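Numbers in this note's numbering are just positions in the sequence shown, counted from 1, shifted up by 1.
Glycine residues also receive a C-beta, built at the ideal position from the N, C-alpha and C atoms.
Being a predicted model, the structure only gives us computed values, none of them experimental.
Working notes, beginning with the structure itself.
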Amino acid sequence: MRDGGAARPVGAVLVRAVPGAAVMESAAAGRHFHPTKISYIYNRYKRVGDTAMDESYFPILWRQDGYRTAFLDDYMRRGSAADAKAAE
Numbered sequence: 002m003r004d005g006g007a008a009r010p011v012g013a014v015l016v017r018a019v020p021g022a023a024v025m026e027s028a029a030a031g032r033h034f035h036p037t038k039i040s041y042i043y044n045r046y047k048r049v050g051d052t053a054m055d056e057s058y059f060p061i062l063w064r065q066d067g068y069r070t071a072f073l074d075d076y077m078r079r080g081s082a083a084d085a086k087a088a089e
């Protein structure tokens with residue numbers, strides 16, 4: 002995606018980079034950072050000495066056992082309320 006705007010397949014999805022656009026990516030729950038390979042983008046969210054992906058930055062939207070990151074439901078309710086208030 003970060004190759005100057007050229008489209009490329011990512012998994013089963015074709016994406017196209019757009020300058021200034023927000024990017025949303027998803028990964029399976031339980032993923033970890035690689036212990037030795039460094040990403041100039043993602044390693045800024047990596048804790049020193051720990052390969053776990055912090056749910057504050059990488060929330061779990063859904064897991065097969067029904068778990069999701071605790072703050073998401075409240076976050077979505079507040080966002081929906083703000084949208085409704087703005088529409089008044």
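Presumed contact (8 Å Cβ cut-off) between residue i and residue j, rounded CB distance
i	j	result
M54	R69	That pair is no contact at about 15 Å.
A30	R64	4 Å
Residue i versus residue j - alpha carbon distance
i	j	result
G67	I61	10 Å
G35	D75	Sequence inspection shows His at residue 35; the Gly mentioned does not correspond to that position. Their backbone Cα atoms lie some 31 Å apart in a straight line.
A71	R45	23 Å
K38	L73	30 Å
D51	G80	32 Å
K47	E56	11 Å
Nearest candidate by alpha-carbon position, reference residue i, set the options
i	options	result
A28	Y58, D51, R45	Y58
M25	I39, G50, Y43	Y43
Residues bridged to residue i [DSSP beta-bridge criterion]
i	result
H33	A53
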